[in-house]
Amino acid sequence: MGVEEHPKLHAVMIPLPLQGHINPFTHLAMKLASKGFTITFVNTESTHQHIARAQSLKDDDNNPFSDAQKSGLDIRYAKISDGFPLSFERRAKAGQFVEGLIHVFEAHVDDFIENLIHSKPDPPISCIIADSFHVWASTIAKIYNLVNVSLWTEPATVLTIYYHMDLLKSKGHFGCHDKCEDTIRYIPGVQAIEPADLPSYCQDPDSSTVMPRFVFKCLEDAQKADFVLCNTVQELEPSAISAIQEKQPFYAIGPVFPASFTKRTIATGLLPESDYTDWLNSKQDGTVLYISFGSLANMSKQDILEIAQGILISKVSFIWVLRHNILGSGERNILPRRFEEETVGRGLVVPWCSQLAVLSHPAVGGFLTHCGWNSILESIWCKVPMVCVPILTDQFTNRKLVVNDWRIGVNLCTGRLIRREEVAENIGRIMSKSDDLRKNIEKTKMVLQNALSDEGSSKKNLNQFIEEMKNKILQKK
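The working numbering applies: residue 221 is where the sequence shown begins, and numbers increase by one.
Here it is as structure tokens:
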């Protein structure tokens with residue numbers, strides 16, 4: 221076969237500038253580079269600044285992929301403007317920032333791709349792998365005749381719900397919030413689901429605000445992708461995956477983190493991390509509850525206080541990641557008075573830490589989580605059962621998968637109101653070493669592990685995607 225029939229693949233990868241999206245993009249970049257891809261990985265200048273500060277990068281040009289490059293992987297690193305000055309408070313002015321992602325960011329991506337093509341990179345760019353939460357991917361791919369690949373960083377179940385919003389609207393379940401109680405049984409690929417378990421943007425009666433507009437515009441664009449890659453496993457969500465495959469080429473390639481992901485070598489964290497290994501080493505195996513609500517979600521002070529009181533009642537050992545901005549305000553006095561005094565020796569309250577290092581430590585026996593998808597996959601891999609308290613977006617649907625479908629966790633509370641007595645009771649259920657939960661999570665871990673094996677579904681799906689993409693590139697020549 222001629223050389224032209226084996227195009228050298230060069231992918232430009234652009235994640236959404238949020239921690240939960242940067243991590244899977246980084247893992248996928250490493251995986252594709254190890255299969256011979258040239259990768260140009262693009263962060264926003266603001267994201268890069270946060271990573272450089274948090275990780276104290278000192279390599280040439282503060283390149284987080286420098287170690288990967290030294291190992292022989294062809295990963296090139298670039299930074300672009302998101303349209304705002306570095307001093308702009310993206311979190312405090314989230315609505316304005318998201319409007320910029322809708323209306324301004326595309327022009328900066330366009331300039332970057334045009335300049336990169338004119339620089340005649342070797343090999344030439346063949347595809348763009350954009351976060352499904354970008355609004356511009358199909359337009360940019362069409363302008364520059366690139367294969368358009370969308371990376372979906374949430375479960376397939378969530379995507380098929382979004383793809384069938386027209387059904388929810390026609391049946392009266394879209395935007396019904398707490399007004400609907402009848403079980404939804406008509407979404408292709410989704411087992412019976414309660415309205416309260418839909419993604420939050422499908423529950424919100426007001427879809428005119430910036431976040432729903434952004435999400436729905438992104439999903440409209442994602443449906444135009446040539447291929448969709450998903451950080452899930454075929455055997456975990458077979459029905460949802462089949463339903464999406466009726467609409468477009470879709471490949472379950474997860475979990476995208478490597479089997480050795482707990483020994484991280486690429487700097488991705490946007491916040492400074494501290495090492496609490498020594499403290500964990502002082503605890504007996506399976507006795508510590510890890511608590512974290514992610515890098516983005518806000519909670520009310522009342523909910524934080526009820527969780528804290530529940531922890532006091534439970535008397536469990538814990539390490540609690542409590543971001544200073546979790547209330548969405550500048551208030552720092554979050555916990556009850558004397559909380560830290562009353563938990564000296566058995567509890568740590570920390571601003572941030574390496575979640576991988578904590579979850580993989582044998583002392584950790586449970587995870588009180590907001591149900592972010594990355595957190596769920598990491599918890600499964602480390603065989604740590606979960607206590608679920610979803611806060612926003614896909615987390616309500618993710619909770620259903622964890623508690624109802626896979627039975628590897630419990631709800632923090634029966635309703636959306638958090639009560640300290642229920643908090644203590646359900647923490648106790650997880651930390652009592654429940655045989656059923658631990659057997660189920662052992663089995664689920666094996667599903668993930670098998671998917672990544674040489675004959676596993678995720679490995680086969682990734683290889684199939686690469687071959688199909690090569691064919692698509694040849695068609696475009």
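For glycine and all other residues, C-beta sits at the position ideal for the given N, C-alpha and C. None of the values given here were measured: they were computed from a predicted structure.
For residue i, three-class secondary structure by DSSP
| i | result |
| --- | --- |
| Y471 | strand |
| Y510 | strand |
| W356 | coil |
| D280 | Low local confidence applies: a pLDDT of 48 at D280 is under 50, so the model's placement there is unreliable, and no value is given. |
| D351 | strand |
| C396 | coil |
| R273 | helix |
| M431 | helix |
| M233 | strand |
| T380 | helix |
| L252 | helix |
| S537 | strand |
| N553 | coil |
| F447 | strand |
| K228 | coil |
| K299 | strand |
| N501 | helix |
| I371 | Checking the sequence shown, residue 371 turns out to be Leu, not Ile. Strand, per DSSP. |
Exposure label - residue i; buried when at least 16 CB within 10 Å
| i | result |
| --- | --- |
| H323 | exposed |
| H230 | buried |
| S494 | exposed |
| T634 | exposed |
| S358 | buried |
| D625 | exposed |
| P235 | buried |
| I363 | exposed |
| N646 | buried |
| N263 | buried |
| G240 | buried |
| T267 | buried |
| H544 | exposed |
| Y510 | buried |
| D441 | buried |
| L388 | buried |
Own chain residues within Cβ distance below 6 Å of residue i, not counting five before or after
| i | result |
| --- | --- |
| S459 | G409 |
| Q529 | R640 |
| N681 | Y471, A472, I473 |
| A361 | I348, N368 |
| C450 | W372, A376, A472 |
| Y382 | L439 |
| V435 | Y421 |
| D280 | Bear in mind that the predicted position of D280 carries a pLDDT of just 48, short of 50, making it unreliable; the figure below should be weighed with that in mind. If we look at D280 and ignore the five residues flanking it on each side, it has no Cβ neighbours. |
| F559 | A528 |
Neighbourhood of residue i by C-beta, 8 Å cutoff - its chain only, sequence neighbours within 5 removed
| i | result |
| --- | --- |
| D294 | A253, F257, T258, I259 |
| W188 | Since the first residue shown for the chain is 221 and the last is 697, residue 188 is missing from the structure and cannot be characterised. |
| R566 | K535, V536, S537, F538 |
| T403 | A412, I413, E414 |
| L555 | I524, L525, A528, L542, V569 |
| Q684 | Y471 |
| E466 | P408 |
Contact belief for residue i with residue j at Cβ below 8 Å, rounded distance in angstroms
| i | j | result |
| --- | --- | --- |
| L379 | W372 | 5 Å |
| R636 | D417 | 12 Å between Cβ atoms; not a contact. |
| S420 | T613 | 5 Å |
| M651 | G585 | 6 Å |
| I628 | I600 | 7 Å |
| Y297 | F261 | 5 Å |
| H328 | G303 | 6 Å |
| E265 | I300 | 7 Å |
Contacts around residue i, its chain only, beta-carbon distance under 7 Å, and the 5 residues preceding and following it disregarded
| i | result |
| --- | --- |
| I345 | H230, V232, L336, I337, L366 |
| S307 | none |
| M385 | F394, C422 |
| E455 | V667, A671, S677 |
| E374 | W593, D614 |
| N518 | I546, L547, G548 |
| P341 | H230 |
Handout entry: Residue ranges of each alpha helix (DSSP H) within the stretch 556-637, 4 or longer
Key = 559-562, 575-579, 593-601, 615-620
Practice task
List in chain order: all unbroken beta strand (DSSP E) runs of 3+ residues lying wholly within the stretch 628-691.
Solution key: 629-631
Practice task
Counting only runs of 3+ residues fully inside the stretch 301-332, write out the beta strand (DSSP E) ranges in chain order.
Solution key: none
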